[in-house]
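Protein chains in written order, with the working numbering: chain A, 5 to 242; chain B, 5 to 242; chain C, 5 to 242; chain D, 5 to 242; chain E, 5 to 242; chain F, 5 to 242. In what follows, a single structure is set out as structure tokens and then discussed.
There are 6 protein chains.
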Amino acid sequence: MASNLVWKLCRPPVFRQLASLRSGAEIRHFSSSDPPPENISRYPVPYRKDLPHDIVDLMEEVESKGGFLPNVFKVLSHRPAEFRAFFSYYNELMNKETGGLTKADRELIVVATSVHNKCLYCVVSHSALHRIYSKKPTLSDQVIVNYENAELSARERAMLDFAMAVCRCDTITEQHFQSLEDVGFDREDAWDISAITAFFAMSNRLAHLTDMRPNSEFYNLGRMPRDKNKDKGNVKGE
Amino acid sequence: MASNLVWKLCRPPVFRQLASLRSGAEIRHFSSSDPPPENISRYPVPYRKDLPHDIVDLMEEVESKGGFLPNVFKVLSHRPAEFRAFFSYYNELMNKETGGLTKADRELIVVATSVHNKCLYCVVSHSALHRIYSKKPTLSDQVIVNYENAELSARERAMLDFAMAVCRCDTITEQHFQSLEDVGFDREDAWDISAITAFFAMSNRLAHLTDMRPNSEFYNLGRMPRDKNKDKGNVKGE
Amino acid sequence: MASNLVWKLCRPPVFRQLASLRSGAEIRHFSSSDPPPENISRYPVPYRKDLPHDIVDLMEEVESKGGFLPNVFKVLSHRPAEFRAFFSYYNELMNKETGGLTKADRELIVVATSVHNKCLYCVVSHSALHRIYSKKPTLSDQVIVNYENAELSARERAMLDFAMAVCRCDTITEQHFQSLEDVGFDREDAWDISAITAFFAMSNRLAHLTDMRPNSEFYNLGRMPRDKNKDKGNVKGE
Amino acid sequence: MASNLVWKLCRPPVFRQLASLRSGAEIRHFSSSDPPPENISRYPVPYRKDLPHDIVDLMEEVESKGGFLPNVFKVLSHRPAEFRAFFSYYNELMNKETGGLTKADRELIVVATSVHNKCLYCVVSHSALHRIYSKKPTLSDQVIVNYENAELSARERAMLDFAMAVCRCDTITEQHFQSLEDVGFDREDAWDISAITAFFAMSNRLAHLTDMRPNSEFYNLGRMPRDKNKDKGNVKGE
Amino acid sequence: MASNLVWKLCRPPVFRQLASLRSGAEIRHFSSSDPPPENISRYPVPYRKDLPHDIVDLMEEVESKGGFLPNVFKVLSHRPAEFRAFFSYYNELMNKETGGLTKADRELIVVATSVHNKCLYCVVSHSALHRIYSKKPTLSDQVIVNYENAELSARERAMLDFAMAVCRCDTITEQHFQSLEDVGFDREDAWDISAITAFFAMSNRLAHLTDMRPNSEFYNLGRMPRDKNKDKGNVKGE
Amino acid sequence: MASNLVWKLCRPPVFRQLASLRSGAEIRHFSSSDPPPENISRYPVPYRKDLPHDIVDLMEEVESKGGFLPNVFKVLSHRPAEFRAFFSYYNELMNKETGGLTKADRELIVVATSVHNKCLYCVVSHSALHRIYSKKPTLSDQVIVNYENAELSARERAMLDFAMAVCRCDTITEQHFQSLEDVGFDREDAWDISAITAFFAMSNRLAHLTDMRPNSEFYNLGRMPRDKNKDKGNVKGE
């Protein structure tokens, strides 16, 4: 089936990202012990048995690799066709290896702009991802309060200044691009920064609509250094 | 090839929408007479010969049916993978026949929220689509200036109030849903209103990034009543 | 009578401006077919027979030369003495031939600042006048959405930047004047830009009070190139 | 000459208002001791000998009755034709005896809205006029800081709420009118409140343009109760 | 008792400041003729007999030296322990003789920032103190309307720009300090400007909570030059 | 010495609060391993040997009980007299046992209002205190992003709505008090909410001035449930 093929195409990078969340040997299955769906969304969350196979396949793969299924997958499955479009797009933007932006950079853009939009789900989940990718356990907390005095490099600061201009729908000028170029970003990086900001402008609003709640796992992910001796805490993060 | 299949899936509704733009007997091909690509985007616009076949196929079908190719197709083809995700998503949201929203309603949401975001491309192109679908040649001009005193029905007003709350990232409450229900919209309609608003929150920002320029055809589309007797070119623009 | 003399003084330029609206051979008289007065204002619109002669004289001259009577004349005639002051002032500011501002420039200032004030009447009517004077049928549409990325000359951009500073009641400094001088405007031009902006700050608020509706003719005025061969009614609207 | 006749028409009420400023037996002539014109405006202030007779006549009458000539007369005489339109309009709005608004009410509207617009000249001069008309020497000082907790009657509060809505260019609705009607204002009063607010929206911006400075006399006018017995005790407080 | 000792410590400078309010030979006792306490605060104002001795001692000394007791002493005595902390802090910030800030400077900072916060009590009382200390009877009135075009020195303007940045919670940068240094302020002056601004950010909010009303004496204090011949006007200010 | 007596008075509650931060058996002394003072403030941080004894005594007691010395003590010791006033006030507001506000409530007010003011130090340190007092490890993270959709009780929501009105300097009305009373708060509670909000309006601005950095300990305090059996499992999550 065609839609299955779409997923074939886009699944691997999604897996790769989520897999980075998984750190322990045992895979916990959250589907049974999860809070009832009505607690994570204002809209009904479908039972997996009622979802198309390609979506269930994706959910299971994400869950098995990451240790839990982020609620955005559950909440958006209320509209399967939009679910597919959303995660295809997400995948294109957040899991790229090319270009001048690291994965940590991408997450930092999401955190800074989602704070501006007061999006609980995106701030909590992507600050967790930033902690994991950056191995800086407090920087996202600083950016959440005020990116202007967070401990950022000049490069990170210019990146967020540009992202915030896009986030606010400022009219973008050559001067904006010049500020990026001054710290080493080219125009393709500018597109990446903007496209991520733009995608989460959408995502933040869907989270507001659905009152999407973050999984409790996200709050502490990546905060604590791992215990080197015994590797048994499966929420330990990095 | 898989990506081709995606397009098989999503193309028809896109075609249907664009086809509605076509009103004359002769199909004009704008590709040769278009202004040079550098005038419609801050980023390079690829030659069609350099684009993947599925994207060229889509462009040609849109162009042949609508009479011209909206610049958003040209500008976003700079990133083919994102192009596919963008139009798949667009298609899911804007070309639905089900639910409580007409196509004119959907365009009106785009106009009102894109004005808030000062997005030239989306306001000019979607106000044209609204004129065509609604057969109301001046309502979108009113909404562009101030939707609060435009000649809207109570239903349209409530719809735009909700869309604007989502557009501004207000925290959505039960009261917002109640205001929609008071005029006959259900929660699935609320999702549609929000998803369209959210998608164009993204789209507006991509247009700002690229300084995307509207095709000149859009400015006058749908403004003039058609001459029933001789169908000669009243949508041709100037 | 004294008040008659006032009008003798100020009428000709008003006529000149309105005359520019007229393009066809036949003069249509809208007074009889106009929508009932209650549709164009929240306040009663007087019958002409009840208005002072000088005001009726002015209205008839405007109507006969322009092809229709702009609703602002009807709506403000609710207060004849204020009507006279309003149009005397208007006349001084908008119909000047001297100075560094063309008539198109003056209309563009009105459009840009009236959009900021969300004034339906002034945006719709003065964007029509701008299209006519400038012979640029789409520039005002661009300015309505976002003057910052409209296709303006550096001179026009500086003019609108100054107008917007006045419109927002920014504290005006020498730097503001310098920016004008950099593109060739002198201090008398600065006064003109400001006085127009200030007058429409007033006018916009009167339109909000009265819920003044634009004549339907304004929406399409100046959009279409005239058919040189047969001058049959291309400014007539729909 | 025609323009002279205009002034015949409008002069008396202006005189009446200014005359109320005069409190002592001796008429002081400030014209000679005034600070040099360049200190009261960013634009040249004409010598009286160079001004049209009707304008000089008005200035002298105002000065002889009020004791000094408010700087707005000097500053705006830079443009005689606009001067005439400005004061004709002013006269229509501020010196009316009819309707539900007292002169003190009218001045209070000017004070509250001019504060919003940060207009030094209008706040300082019209708070003086309010003190004189209302015989309340501190109310305008309260309104200047925050009309929301000033010692206003419910009627005054509703009046200023309406004026501020017009001042901010809010879209005026029936609910706004209803709030006025609840405290006894009719629709003609609403027009008066709005027209005054609108006129000073213009006036404030002209004052910003010219950096118009208030006469020093205004700061203390109306602050001290007059000593009925001996007209020398203007320092005694209350 | 310990708390008494605190007051021993902090009282003298408080006295010095308040003493500057006193200008006549006779000390007027306002406590009996004051408007009933409920008119100056939303909260109960304690009878002096019910207040701790150290607070009464302070009140009486302030009153005897300044001629009247500012209402902030009465209103905040509702919470004696907070009263002590408040006036100890106030004393440290406002009565310093060292550093680059005069007492008039300190009051000007309070006026400018309290206007931003729409605080009636602080604006009215501290503009009076500014008039007294600066001997400029109209400058604070200008700052109340718009400090950006008040007749300030470059030094005062830079001081207020810095204060307003702190007032708005802007992220303070080296550039802010540099602007102060350009006019001769060092970093300790910057601390003083900020601490005063910060303290009144608190004070303004307490005044809003309690709806604290200014003493009527404040409105005219310092407005009139003293009559050199006979020193009998006890509201004459300085 | 008198100032010593002040501290005798206020010290115990400060100790009590800080003591609650201490969770392990060993008291860690951070004073030696702390980052150099220049990293925690834009202003010089005095050596303890140069500070007055009463301030050093307080610091040592706080440090020994809480396990580390919060940077606000170090940063504000740059001005010993202001330090004393600040902590006396702080003590009065935050360590009260009476009234309708728990200590967790007080911290929540600080978090919500300090986020509005973008104050890094106060948000990070007081969200830690909130986690400890409330034993709710994620609620403050939610409030930091958007208190409007955090998992608050109706009582907590009304408390924060009131605090935010004070924080923004809204004009407080009886309706604000009524909303508090609807959930069981009386007027003394309203004072407490406001005084805390007001104090942190000051504190936030001092933190901006000094660029005060939070101790690294604060970021994770209270996030992990303590392992009752073995006090080593601080990585387990919840």
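The C-beta atom is built at its ideal place from N, Cα and C for all residues, glycine as well.
Reduced DSSP secondary structure (H/G/I, E/B, other) of Lys78 of chain A: helix
Cα-Cα separation between Arg4 of chain B and Ala132 of chain B, rounded to whole angstroms: Residue 4 of chain B falls outside the range modelled here, since chain B spans only 5 to 242, and no answer is possible.
Runs of alpha helix (DSSP H) wholly within the region 151–201 of chain D (minimum 4 residues, chain order): 158–171, 178–185
Where Tyr223 of chain A meets chain F, residues with beta-carbon distance less than 8 Å: Pro141, Thr142, Asp145, Arg227
Whether Asn208 of chain D touches Cys126 of chain D by CB criterion (8 Å): yes
Exposed unless 16 or more other CB atoms sit within 10 angstroms - verdict on Ala158 of chain C: exposed
Pairwise C-alpha distance: Asp58 of chain D and Val79 of chain D: 16 Å
Min CB distance Glu67 of chain E to chain F below 8 Å: no
Chain B residues whose Cβ lies nearer than 8 Å to that of Ser129 of chain A: Simply none; closest approach about 17 Å.
Three-state secondary structure assigned by DSSP to Phe91 of chain F: helix
Neighbour flag for Lys122 of chain D against chain E, beta carbons, 8 Å: yes
Segment contact, 8 Å Cβ cut-off, at least three pairs: the region 88–99 of chain B with the region 137–151 of chain B: no
Helix, strand or coil at Gly103 of chain E [DSSP, three-state]: coil
Chain B within 8 Å of Asn208 of chain A, Cβ atoms only: yes
Given 8 Å, three or more beta-carbon pairs between the region 196–204 of chain A and the region 50–68 of chain A: no
Cross-chain neighbours of Asp215 of chain C in chain B, by beta carbon under 9 Å: Asn153
Residue nearest to His134 of chain D in terms of C-alpha spacing, selected from D:Leu112, D:Lys122, D:Gln179: D:Leu112
Three-state secondary structure assigned by DSSP to Val119 of chain D: helix
Whole-number beta carbon distance between Ser183 of chain C and Ala162 of chain C, since they are thought to touch under 8 Å: 5 Å
Span separating the alpha-carbon of Val49 of chain F from that of His180 of chain C: 43 Å
8 Å CB neighbourhood of Ser81 of chain F in its chain, flanking five on each side removed: Val49, Pro50, Leu55, Ile59, Met63, Phe87
Closer than 9 Å at the beta carbon, the chain E residues around Ile148 of chain D: Val119, Val127, Asp145, Ile148, Val149
Contact set between Phe77 of chain B and chain A, taken where Cβ atoms lie within less than 7 Å: Simply none; closest approach about 17 Å.
Straight-line gap, Asp215 of chain F to Tyr223 of chain B (C-alpha atoms, nearest Å): 51 Å
C-alpha distance - Thr177 of chain E paired with Ile44 of chain F, whole-angstrom precision: 15 Å
Min CB distance His57 of chain F to chain E below 8 Å: no
Alpha-carbon to alpha-carbon, Ile148 of chain D and Val147 of chain E: 11 Å
Same chain, Cβ closer than 6 Å to Gly104 of chain E, neighbours up to 5 away in sequence not counted: Phe189, Asp193
Cα-Cα separation between Phe77 of chain E and Glu65 of chain E, rounded to whole angstroms: 12 Å
Ala167 of chain E and Tyr137 of chain E closer than 8 Å at C-beta: no
Distance, Val115 of chain C Cα to Asp174 of chain B Cα: 30 Å
Alpha carbon of Arg191 of chain D to alpha carbon of Ser68 of chain D, nearest angstrom: 37 Å
Sequence-distant residues of the same chain with beta carbon closer than 6 Å to Arg46 of chain D, five excluded per side: Thr214, Asp215
DSSP-derived helix/strand/coil call for Tyr223 of chain E: helix
Between the CA atoms of Val187 of chain A and Val187 of chain E - distance to the nearest angstrom: 32 Å
Per-residue DSSP class, three states only, for Ser35 of chain C: Because the pLDDT of Ser35 of chain C is 46, which lies under 50, any placement of that residue in the model is unreliable, and the number read from its coordinates should be weighed accordingly. Three-state DSSP puts Ser35 of chain C in coil, outside helix and strand.
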